[in-house]
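In the working numbering, the protein residues as written are 52 to 340.
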C-alpha cells in the first residue's frame, strides 16, 4: 500500500481500538441497548435520504443489521456496562476471526491450513487465561466474557453475510442495514428499561454522552467501516488486514491511559497468546494452499 493508504488503515484501526473507551463513556449515561439503538439510528439518519441503496437483497441487509446491532454491539455494550473492562473487551472480541474461519469451513467447505490449527490453540489459550481470572477485582466476570464471545460470534456471521454480498458500496451497506439494527434495539431497550427511564436518560445526557453517540455513528460505523472496505476494494486483503492486529493494542493502551485499567501479567500473557494466534493465522492465510 502507498503511505497515504497505510496511514488511513492505521487511522481506522486506531479508531476501532480507542472506541472501546468511548463506549465506556457512553455507557455512563445510557443503558446498553439504548446506546446501541442511538448508534444505529444516527448511522442511517439523515444519510439514508441521499445515499443510494446498495445492490443487495433486503434479506441480507436485514440479517446483517440485526446481527451487527442486536448481536455484536448489543451484547458487547451489555458486557461493557459492568462485566468486562474496555481493554479486555477489545481483546476477547478478536475471537471473531476464528469463529469466521470455523463457520467458513462448515458452511463453505473452506479447508483449514496446517498453521491455522496452532493459531486456534494460541487464541484459545489466551481466552482461557482471561476466563481463569474472572473476578470483580479484575474487572471481568464470566458473564461478561460469555457476552463478548457471543458478540464475536455474531460478528463472524456478519462477515459471512458480507462475503455472500460480494463487492457492494460499503457506505451504502452500513447506512441501509442500520435501520434493521436500530428498530429491534429500540424495542429491546424499551422492554428492558421502560419508556420513562429511556426518556429520562435521553433528556439528562450530557455533552460527552452525545459526542460518544456521534462518534459511534459517524466516526466508527460510517467512516471506520467505509474506509476499511474502500481499502479492501483497492488492495489485497493480505496487505490491509495485518493492521487489524493493532486493535487490541490501541484498545488496551487507551483503556490504561484514559480509564486507568490495570495491566497485570495475566492480561499481558492473554494478549500475547491471542495476538500470537492472530499473527500465525495471518501467516497461514498468506501462504499458498
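Note that beta-carbon positions come from the ideal geometry of N, C-alpha and C, so glycine has one too.
C-alpha gap between residue i and residue j, whole angstroms
i	j	result
residue 207	residue 104	23 Å
residue 240	residue 58	38 Å
residue 229	residue 256	23 Å
residue 262	residue 225	20 Å
residue 54	residue 61	10 Å
residue 204	residue 238	22 Å
residue 322	residue 63	20 Å
residue 162	residue 250	50 Å
residue 221	residue 272	11 Å
residue 98	residue 183	44 Å
residue 304	residue 112	34 Å
residue 165	residue 171	11 Å
residue 317	residue 268	33 Å
residue 154	residue 191	27 Å
residue 76	residue 236	19 Å
residue 193	residue 124	18 Å
residue 213	residue 114	10 Å
residue 110	residue 116	10 Å
residue 160	residue 150	14 Å
residue 118	residue 253	25 Å
residue 14	residue 108	Limits of the chain in this structure are 52 at one end and 340 at the other, which puts residue 14 out of reach.
residue 74	residue 309	12 Å
residue 326	residue 142	8 Å
Spatially closest choice to residue i from the options, by CA coordinates
i	options	result
residue 120	251, 98, 84 and 265	84
residue 245	81, 309 and 264	81
residue 67	166, 299 and 311	299
residue 158	280, 327 and 215	215
residue 297	309, 280, 329 and 274	329
residue 277	309, 142, 72 and 102	102
Contacts around residue i, its chain only, beta-carbon distance under 7 Å, and the 5 residues preceding and following it disregarded
i	result
residue 127	140, 144, 199 and 202
residue 320	180
residue 78	86, 128, 131 and 132
residue 307	138 and 314
residue 331	166, 169, 170 and 173
Beta-carbon proximity list for residue i, same chain, < 8 Å, skipping 5 on both sides
i	result
residue 100	none
residue 95	226, 227, 229, 230 and 233
residue 334	166
residue 340	Here the model assigns residue 340 a pLDDT of 47, short of 50, so the residue's position is not dependable and the matter cannot be decided.
Own chain partners of residue i with C-beta closer than 6 Å, once the 5 adjacent residues on each side are dropped
i	result
residue 70	271
residue 185	191, 192 and 193
residue 20	The question about residue 20 has no answer, for the chain in this structure spans 52 to 340.
residue 122	205
Proximity test, residue i beta-carbon vs the ligand MG heavy atom, cut-off 7 Å
i	result
residue 64	As presented, the structure is devoid of all ligands, the ligand MG included, so that no description of it is given.
Legend entry - Segment contact flag, the stretch 88-100 with the stretch 172-184, C-beta cutoff 8 Å, min 3 pairs: no
Legend entry - Residue ranges of each alpha helix (DSSP H) within the stretch 184-226, 4 or longer: 193-216
Inset, instruction - Any chance you could list the alpha helix (DSSP H) runs of at least 4 consecutive residues sitting entirely within the stretch 143-179, in chain order? - result: 147-158
Legend entry - Inside the stretch 280-324 only - alpha helix (DSSP H) runs reaching at least 4 residues: 288-291 and 298-310
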